[in-house]
Every structure is written in structure tokens, then in C-alpha cells.
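So the protein lines, in turn, are chains A and B. Mapping the first sequence onto UniProt numbering, position 236 (from 1) lands on 236, and the numbers just tick up by one. Mapping the second sequence onto UniProt numbering, position 84 (from 1) lands on 84, and the numbers just tick up by one. We put the beta carbon where it would ideally sit given N, CA and C, even for glycine. Below is one structure, written out as C-alpha cells, with a few remarks after it.
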Amino acid sequence: MAASEDAKASSLRYAFGNVIAFFILLLIGILAFSIRLFSVIKYESVIHEFDPYFNYRVTQYLTKNGIYDFWNWFDDRTWYPLGRVIGGTVYPGLTLTAGTLWWILNSLNIPLSVETVCVFTAPIFSANAAWATYLLTKEVKGTGAGLTAAVLLAMVPSYISRSVAGSYDNEAVAIFALIFTFYLYIKTLNTGSLFYATLNAIAYFYMVCSWGGYTFIINLIPMHVLLCIVTGRYSSRLYIAYAPLVVLGTLLAALVPVVGFNAVMTSEHFASFLVFIIINVVALVYYIKGILSPKMFKVAVTLVISVGLVVCVAVIAVLIALVASSPTMGWSGRSLSLLDPTYASKYIPIIASVSEHQPPTWPSYFMDINVLAFLVPAGIIACFSPLSDASSFVVLYIATSVYFSGVMVRLMLVFAPAACITSGIALSAAFDVFTRSIKFQLPGLSGNSPIDAGDTSSGSVVAQNETVKTEKKEDPGKERPSRKTEKNEDLSKERHSRKNKKKEKENVEKISVKPQEEKRLLVLPLEASVIAIFLLVLLGAFYVVHCVWAAAEAYSAPSIVLTSHSHDGLHVFDDFREAYAWLRHNTEVDDKVASWWDYGYQTTAMANRTVIVDNNTWNNTHIATVGTAMSSPEKPAWEIFNSLDVKYVLVVFGGLVGYPSDDINKFLWMVRIGGGVFPHIKEPDYLRDGQYRIDSEATPTMLNCLMYKLSYYRFVETDGKGFDRVRQTEIGKKYFKLTHFEEVFTTHHWMVRIYKLKPPKNRLRGKTKKSKAKATATTSSKRSVSRKNPWH
Amino acid sequence: MGKSATTKDAQALFHSLRSAYAATPTNLKIIDLYVMFAVVTALIQVVYMAIVGSFPFNSFLSGVLSCVGTAVLAVCLRIQVNKENKEFKDLPPERAFADFVLCNLVLHLVIMNFLG
């Protein structure tokens, strides 16, 4: 009778705990969603940055034309005259996800526009990512750690920065896919069920569809398997978790057109195949060890090793020859720049020039993960007690992601979930210890005898009581029956907690030191525990305040609309959209627009005009051509642009308002990239004594190049002196006329300036027939810029 | 002398392997036979590819990987069904077989898609 009452009460408490956990999870999801809405509230529901505009345009095409046209789409509005195969060069996960969401909502007769769905995809999937983190951490350490990790991930600024409402980029869904794949892998490892292995492969497929960072998964999981084998933790569950994933995963990765045969031919995947072979060998060895006697097994080992070594060496020699025959040893440029951080700056200036690919500074760690930065080491230690397969995976994950985040600031995003998981484990363990100490030492619950309190000195008794208590907390139903059978007759009508304490007391008195298999747990003094809990809550409060501030102030800028606070209120700079709208309404549909590659996606998406180069940066020579044109004097630049059929040139200029990311600041990269392909552009020509200047001390090459002229044309008319607010000097050449270009539009704050190529003159005064022939030859050859140098 | 000792050892080893394997239950032997069949089929395909060339590569990949995949899945099934395996004694063999069928379904769906 007492037993059933106890069991019912404990299962009630268990159910109550589950309901609370469910509601907490719901609140976490709502928190993750709403903390990302600052930009929508402060500005408007608009797509941010540059890359999301391309994804938005692709989603528009998908929703309008259906999936078969999307899969086979050849885009001729970009990279003129080369075009781009969209179906084969884009990671379709994000677009297909948003397209499916839009389709589902529309078939339910909820008429949301494609733009709205695109803007809000990221917050929805960040809520999903928080839930996935809960599931993953629950598999590693338990529900408490899971909830803490989930709430930390919902707010961590590093993740917010790439998934605000409006940041419609691959990482928005990719981080959710990453965490979910890891969760399913750990679940398979813990349960050994082939069903979860199948789900794991399908989740891995979703990750491959979404982001190029899937190579992290396909290298981390083999590393973990190898670690488990080497540390003697091989089990058949490991085989079930890994082997089907490799085969199914490789096939599914090869299905995605972007990856294709790279799934079996590039070095990024070789680790998985190598470990696949290793785990098969290990499984075979364990099987044979199981069916043979030890003596015979030794004989087998010696035989196999002598034969197998020869075969192994031969195979490895062949492999090394194959791999070494390619110059990059089979790795792609981006992966190589991860392994050797100096690689990109030496060989691939385009990768080096992207600001996201720079190494992070120390303060950026604190900005992006804040309090978690010093909870992570505590979490790593907590993972070691006890060390299970899942917790060793978490340790490996955080070690590798810390290294990669140190190479590229963009990969802080992969580090953030690992930091949240370990910090959740640490915080939860800390709370466990403190609340246990308090609960044990609180006078009301201490039972009606001072013996217990006095017995804190004897460690074994404390250990017993503590273990009993933890057993009670974690397995409410299990231990009770065994103890009940011994003490049933003594416990007739007492309150629930009193009853338990009395049982423990009688346990202590009658069965002095029973060997318990749980380890001895410590109890801290009451005051220290209370203060510690208070401080931990304060820590959490600091974290929350920082995250909300970061989300509101630092990461919610849409970067297509800029604001500044002046003495007469908020000033909005909407110049970009003004310029794209002008282009859209005042030019012909087939006109080509040339600009630096940063603005390509936005121009195609918003102005709907064909561009020469865009953010995909897949063709270095084409970008170098545009860079050379921007760095050359007017006439050669005109000839380059004319050979590309360009009608309009767009430059971004921030000198009037102090916008620092304009083209003059990016100009040196144009020179470097152009100089990398066309050697007549030399960077020292544009620098005076190694310094980049645009004032009166600038070199004549700099003062005559197209970028300078297009940026500062008529700039002196604004304030009479031509003071550039970004470079903080007066410009060098103030009064000049443009001979080959004419200005057609300058936005309100002079931030975007559009020029038109002047048509060639009909009559050339004073020139001989030779130059006339040269002019006609130039205008008639449209695609010869790569074959002959038209400006020599 | 060493050589004869080695050959004697090899013979003893072979003998003990054979006798130990004969003791396994029949259903596991059937699964082992299936694994052998799949691996042999994969080897035949690789030899064929070495003779006639690897175009179309996606068909070759899907053929070889389907054999390797179903072999791996059969090994997983064998692990789960083996009565000597302490970790899986709570798992009913019907559930293991159902998981095996499901995973094979997914595998072959992907294969048919990739075969081209």
C-alpha cells in the first residue's frame, strides 16, 4: 500500500517534470524566434546583406516556375557573357525549404508573399535548432543539461548574427541540420538501432543540400569513430552508427548536383572511407577473437600481420601516388585555407579578401559567445565524469570547432552550438551540486533528528544519503521497491519527505556502510551554495542582457538600409534601393551593368539587370577583368567595358556621408585581383611610399584611374573643398571632366553613382586611318578581351 | 623449420576457425552467405569497370555502393540478431529485421535515383 502510493507519487512527479520540460521547450522556441525580430521592428521586413538577395531571387524563380525548371535553370542575367548554371552550383536546401514552406502555406490559403516567408525562415529554423540542441544534450547528459543548452543556443549572439529575420542565407537552416544530424548520430550510438541510423543518413542528406560546411560532419564523425576505436571503446553499436552512414551518406551526397562526384573523389571525404575500412577490419577482428580460443587468436594475429602488412603498404603507396598527382592533393581551395591559414593570402586573393574569412580577434570571441567562453572548459571537465561515447564526441566537437573558429571568423557559427552544449552541461552540473547541497542541509527536510546533520563529518554516511537522494531525484521509481521490501513494516503514516529521510536514517543505523556503486558526492556548506546559486543566476542575467543588446544593436542592421542618429532625430539612408529602382525604371531590360562583385546579387535581384560579376566569385579572370577596368585610365577602361557590352557602371561612394565600406576602400583589392591576372596592373603604382592615399600626395596612376574619377566626379561641388569624410582628407584632383563616361544618376547622399558609357565618336579629329581601323576593330570584337589586350 | 611451424600453425588455425564457425546457428549462416554474395557481386563490378572503363560513373558508383551498402546492413542485422550479443538481448529479432528492410528500402530508392 505504501509502495503503490510512493510509486504513484513518484510517477506523478515524473509526469509533472515532463510537462514542465515541454512548456519550457515551447518557451525556448518562442524566445529564439522573437529575439531575432529586432530588425523587422526597427526597420522593415526586408532581406539583408548581399547573398540573401541571390537566394531570394532563386526562391522566387522556384515558386514561379516549379521544381523541374529550377533544377535545370541556366541563368543568363549574371556573369555576362558566361552565364551561370544555377541548378549545378547552388546548394538547394535553403531554397527548397522556403519554397516548401511557401507552398504549404499557400495551399492552406494563407497568402504570405515569398519575401515574407524568406525573411522569417531563419527565426523559425533557429527555434528548431534550439530544440535539436535540447535533444542532443539530453542524449549526452540528461534533461536538465538539455534545457540549459537549448536556452543558451536560443540566444547566443554568434548564431543570431547569421539568422536574424531577413538574413536569408544557407546557415539559417544549415545549423539546424548540423545539430540534428549530430543528435541522430549520438542517438544511434546510444541505442544501436538501425532505424535511427537511417534517419541519421537522411538528416545528413539534408545537411549536404544546405551548406558547404557538411564536410565538417563527414570528417568529425570518422574522427570520433577512430577515437572510440583507439581508446578501446569499440562496440557493435559503433559499427551500426557509422557504417550505414558512410555508405548511405556518400550516395545521398553524390545525389546533390553541387557535390556530385566530389563525394568520392575529393580529399575531404577520404577520411570517411579510410575509417570505414578500419572499422570493418576492427569488427572482423573482434568477431574472430570472439569465436577463437586465445592461443589460436595469437597465431591468427601473427599470420595476418605478416601477410597483411605487405598488402597494406602496397595499397597505401598507390593511394599516395594518386593523391599527390594533383597539385592541391585533392583538397578544394576553401578547405586548404582552413588547414593552412596562410594558403589563401598567398594563392587565392579572392578568398583572402572576403572579410568573413579573416581570423577573428579576441574580443570577437567575447562578443559572440560572451559568458560561455569560460563555461566551456568547465563543461569539458564535466564531460569527463563519466566519459561515455556521447560525451567524448562533444569534447572532440568542441576541440575541432575551436580550432576552425580561430582560422575564420565565419566559422564561429559552428563553434557556437558546441559552446552552448558544453556550457549547458557545466551549468546544469553546477546547479545540481548546489541545489543538492541546499536540499540536504535545509532544516525542514533534514528529518527529526540532529544525527543526520551531525553526521556530515562521516563521509560514507553522507555519501549514502547523497546517493540515495540522487537516486531518488533521477530514478524515482527504480530504487524504491528494493528498499521498501526491507523497511515496509516501519513506515506506516508519515509525510513523503519525512518518510524518505527516516528510511535513510534507519538504513544508516541498521545497515551501516552498504557498498554503493555510485561515487562519493560532496556536499558544500549551505551559505556557500545559496550564494553560488545566486551568482550563477546573475551570470545568466548578464548573458541574457548581452545577447539582447547584441541582437538589437549589433546584428540587426539590414545593411541595405542605413541609419544614423543626428541631433534632429533618425536619419535613414536608403540610397541602395534608390539606385536599383532607378536602374529598374530608367534603363532597357537588356542593358548590362558593371560594378564590383559585391553588388552583383543585389543588382540582379532588385534592379533586374544583367551584371558582369557577382558574389558567387567563381570566375577569377572575369573579376580580374572588371578590377583591371576600374584600375585603368578612362580610355582603356572604356574599351574593356565596351568589349563586354556594358552600358552602365555603378560605383559606391561613401565620402559625403562617411560610409566606410565603399569602393574606394575596396579599391586595393581590385588592384590586387586584377594584377593577379593582368600583370600590367601593379599595386605599388597606386601607393605613395607604401601608403594608400587619395589626396594631393597620391600617385598619378591613382589620380587617373577610373575608380577615382567615377567616385570623385563633381565631388568638389558639394562643399567647395572636396573633403572626403571617410579618408578624412581633401581629395587630390578636384576639377576634372569625364571624356568617355557620363554621369546619369547619383543618389540622394551620393552613395551610389551610376555612369553611362559614351558611344564612340563618329569622327575622329586629326587621327589617321590606322587609329580609325583600331577603333572599329575594338567595337566589333565583343569577346576578345581574354585573347588580346585591346588597350595596348 | 620456421616455415613448417608456420604452415602447421596455419593449418591448426584454419581447423579451429572452421570448427568454431560450424557452431554458429543457421540463421546467422544465411546472413553471412548473403553478405558474401553482396561483396562478391561488388568485386565483380569493380573488375568489370577495370576492363571496360568507368563511364557512366554514376551507374558504377550506385552499383558498387548498393552491394556494399546492403552487405553492411546485413552485418548490422547479424549483430542485432546474434543471441550471444549481450547489448541487444532486449531487441526482438522482428524489429531488427524491420529496421533492416526499411534501411534497405531507403538505400535502394537512392540507388534507383542515382543509377541514371
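Exercise. At which residues does the beta strand (DSSP E) containing A/H571 begin and terminate?
Worked result: Mapped onto the first sequence, residue 571 of chain A falls at position 571. G569 to F573 is the span of the beta strand (DSSP E), which, as asked, contains A/H571.
Exercise. Using DSSP with H/G/I as helix, E/B as strand and the rest coil, what is A/I47?
Worked result: Along the first sequence, one-based indexing puts residue 47 of chain A at 47. Residue state, collapsed to three classes: coil.
Exercise. Where are the alpha helix (DSSP H) runs, 4 residues long or more, that stay fully inside the stretch 65-149 of chain A, in chain order?
Worked result: The stretch 65-149 of chain A contains these whole alpha helix (DSSP H) runs: 67-71, 86-89, 93-107 and 114-140.
Problem set entry | Chain-ordered neighbours of A/T181 on chain B, where CB pairs are closer than 9 Å | In the first sequence, residue 181 of chain A corresponds to position 181, counting from 1. Residues of chain B with a Cβ closer than 9 Å to the Cβ of A/T181 do not exist; the shortest Cβ-Cβ separation is about 15 Å.
Exercise. Which bits of chain A does B/Y21 rub up against, with CB to CB less than 9 Å?
Worked result: Within the second sequence, numbered from 1, the residue matching residue 21 of chain B stands at position 21. Against chain A, the beta carbon of B/Y21 has neighbours under 9 Å at I291, listed in chain order.
Exercise. With burial defined as no fewer than 16 other Cβ atoms inside 10 Å of the residue's Cβ, what is the status of A/R688: buried or exposed?
Worked result: By one-based count along the first sequence, residue 688 of chain A stands at place 688. Counting other Cβ atoms within 10 Å of its Cβ, A/R688 stays below 16 and is therefore classed as exposed.
Problem set entry | Backbone CA spacing between A/L274 and B/T6 [nearest angstrom] | Along the first sequence, one-based indexing puts residue 274 of chain A at 274. Along the second sequence, one-based indexing puts residue 6 of chain B at 6. Answer to the nearest angstrom: the Cα atoms are 31 Å apart.
Exercise. Quick one: is the Cβ of A/S661 within less than 7 Å of any heavy atom of the ligand GTP?
Worked result: What this structure holds is no ligand at all, so the ligand GTP is not there to describe.
For this session: Take A/Y543 and list the residues in its own chain whose beta-carbon comes closer than 8 Å to its own, dropping the five residues that flank it on each side.
Result: For the purposes of this step, residue 543 of chain A is identified with residue 543 of the first sequence, where counting begins at 1. Around A/Y543: L152, M155, N370, V371 and L372.
For this session: Would you please verify whether the beta carbon of B/G53 is less than 8 Å from any beta carbon of chain A?
Result: Here residue 53 of chain B is taken as the residue at index 53 of the second sequence, counted from 1. By the rule that beta-carbons nearer than 8 Å mark a contact, B/G53 does not touch chain A.
For this session: Could you tell me the distance, in whole angstroms, from the CA atom of A/A174 to the CA atom of A/T78?
Result: Counting from one through the first sequence, the residue named residue 174 of chain A turns up at place 174. Counting from one through the first sequence, the residue named residue 78 of chain A turns up at place 78. Going by the C-alpha atoms only, they are around 26 Å apart.
For this session: Please confirm if the stretch 124-135 of chain A is in contact with the stretch 403-410 of chain A, defined as three or more CB-CB distances below 8 Å between the two stretches.
Result: Contact between the stretch 124-135 of chain A and the stretch 403-410 of chain A is absent: fewer than three C-beta pairs spanning the two stretches fall below 8 Å.
For this session: Taking C-beta pairs closer than 7 Å, name the residues in chain B that A/V247 reaches, listed in chain order.
Result: Sequence index remark: in the first sequence, residue 247 of chain A carries index 247 (1-based). Neighbours of A/V247 on chain B, chain order: L65, V68, G69 and V72.
Exercise. According to DSSP, is A/Y648 helix, strand or coil?
Worked result: On the first sequence, residue 648 of chain A is found 648 positions in, with the first residue counted as 1. If DSSP states are grouped into helix, strand and coil, A/Y648 belongs with the strands.
Problem set entry | Length of the line joining the Cα atoms of A/S267 and A/T215 | Counted from its first residue, the first sequence places residue 267 of chain A at position 267. Counted from its first residue, the first sequence places residue 215 of chain A at position 215. Looking at the two C-alpha atoms, the distance is approximately 10 Å.
Problem set entry | Inter-stretch contact at 8 Å, needing at least 3 Cβ pairs: the stretch 716-727 of chain A / the stretch 652-665 of chain A | Contact between the stretch 716-727 of chain A and the stretch 652-665 of chain A is present, because at least three Cβ pairs lie under 8 Å.
For this session: For the beta strand (DSSP E) containing A/I612, list its first residue and its last residue.
Result: Locating residue 612 of chain A in the first sequence gives position 612, where the first residue counts as 1. For A/I612, no beta strand (DSSP E) segment is defined, and its DSSP state is neither H nor E.
Exercise. Would B/F37 count as contacting chain A if we go by Cβ distances under 8 Å?
Worked result: Position 37 of the second sequence, counted from the first residue, corresponds to residue 37 of chain B. Not an interface residue.
For this session: Under 6 Å Cβ to Cβ from B/D99, same chain only, skipping five residues before and after it: list those, please.
Result: As a position in the second sequence, residue 99 of chain B is number 99, starting the count at 1. Its chain contains no residue whose beta carbon lies nearer than 6 Å to that of B/D99 once the 5 sequence neighbours on both sides are disregarded.
For this session: Mind listing the chain B neighbours of A/M207? Cutoff is C-beta to C-beta under 9 Å, in chain order.
Result: Here residue 207 of chain A refers to the residue found at position 207 when the first sequence is read from its first residue. By Cβ distance, chain B contributes nothing, its closest Cβ being about 16 Å from A/M207, past 9 Å.
Exercise. Looking at the structure shown, is A/A426 part of a helix, part of a strand, or coil, going by DSSP?
Worked result: As a position in the first sequence, residue 426 of chain A is number 426, starting the count at 1. The answer is helix: DSSP assigns A/A426 an H, G or I state.
Exercise. At a Cβ threshold of 8 Å, is B/V47 touching chain A?
Worked result: The residue labelled residue 47 of chain B in the question sits at position 47 within the second sequence. For B/V47, the nearest beta carbon of chain A is not closer than 8 Å to its own beta carbon.
Exercise. So A/Y648 packs on A/V726, CB below 8 Å; how close in whole Å?
Worked result: Reading the first sequence from its first residue, position 648 is the one you call residue 648 of chain A. Reading the first sequence from its first residue, position 726 is the one you call residue 726 of chain A. Going by Cβ atoms, the distance from A/Y648 to A/V726 rounds to 24 Å, so no, they are not a contact pair.
Exercise. When you compare only the Cα positions, how much space is there between A/L31 and A/P157?
Worked result: In the first sequence, residue 31 of chain A corresponds to position 31, counting from 1. In the first sequence, residue 157 of chain A corresponds to position 157, counting from 1. For A/L31 and A/P157, the gap between their C-alpha atoms comes out near 13 Å.
Exercise. Which value, in whole angstroms, describes the spacing of the CA atoms of A/W638 and A/I277?
Worked result: Here residue 638 of chain A refers to the residue found at position 638 when the first sequence is read from its first residue. Here residue 277 of chain A refers to the residue found at position 277 when the first sequence is read from its first residue. Their backbone Cα atoms lie some 59 Å apart in a straight line.
For this session: State yes or no: is the C-beta of A/Q441 within less than 8 Å of the C-beta of A/L526?
Result: Mapped onto the first sequence, residue 441 of chain A falls at position 441. Mapped onto the first sequence, residue 526 of chain A falls at position 526. In contact: A/Q441 and A/L526 (Cβ atoms closer than 8 Å).
Problem set entry | Through-space distance from A/I86 to A/F741, alpha-carbon basis | The residue given as residue 741 of chain A occupies position 741 in the first sequence. The residue given as residue 86 of chain A occupies position 86 in the first sequence. Between A/F741 and A/I86, the C-alpha separation is close to 33 Å.
Exercise. Shorter than 8 Å from the beta carbon of A/R237 to some beta carbon of chain B?
Worked result: Reading the first sequence from its first residue, position 237 is the one you call residue 237 of chain A. A/R237 counts as touching chain B.
For this session: Reducing DSSP to helix, strand and coil, say where A/F715 ends up.
Result: On the first sequence, residue 715 of chain A is found 715 positions in, with the first residue counted as 1. In the three-state scheme derived from DSSP, where H, G and I count as helix and E and B as strand, A/F715 is classed as coil.
Exercise. Going by DSSP, what residues sit across from A/V593 in a beta bridge?
Worked result: Mapped onto the first sequence, residue 593 of chain A falls at position 593. A/V611 and A/Y648, per the DSSP bridge assignment.
Problem set entry | A/T718 versus A/R672 - alpha carbon distance | Here residue 718 of chain A refers to the residue found at position 718 when the first sequence is read from its first residue. Here residue 672 of chain A refers to the residue found at position 672 when the first sequence is read from its first residue. If you take the alpha carbons of A/T718 and A/R672, they lie about 31 Å apart.
Exercise. At a CB-CB cut-off below 9 Å, which residues of chain B make contact with A/F195?
Worked result: Residue 195 of chain A sits at position 195 when you count from the first residue of the first sequence. Those within 9 Å of A/F195 in chain B are R95, A98, D99, L102 and C103.
For this session: With DSSP collapsed to three states, give me the class of A/I560.
Result: To locate residue 560 of chain A, count along the first sequence from 1; it is residue 560. The answer is coil: DSSP assigns A/I560 none of H, G, I, E or B.
Exercise. Any beta-carbon of chain A closer than 8 Å to the one on B/V40?
Worked result: As a working mapping, residue 40 of chain B is identified with position 40 in the second sequence. Closer than 8 Å: no.
Exercise. At what residue ranges does the stretch 254-319 of chain A contain a whole run of the alpha helix (DSSP H), taking only runs of 4 or more?
Worked result: Counting whole runs of 4 or more residues, the stretch 254-319 of chain A contains the alpha helix (DSSP H) stretches 262-265 and 270-291.
Exercise. Just curious, the beta strand (DSSP E) that A/E742 is in, first and last residue?
Worked result: As a working mapping, residue 742 of chain A is identified with position 742 in the first sequence. Annotation: the continuous beta strand (DSSP E) that includes A/E742 extends over F741 to T746.
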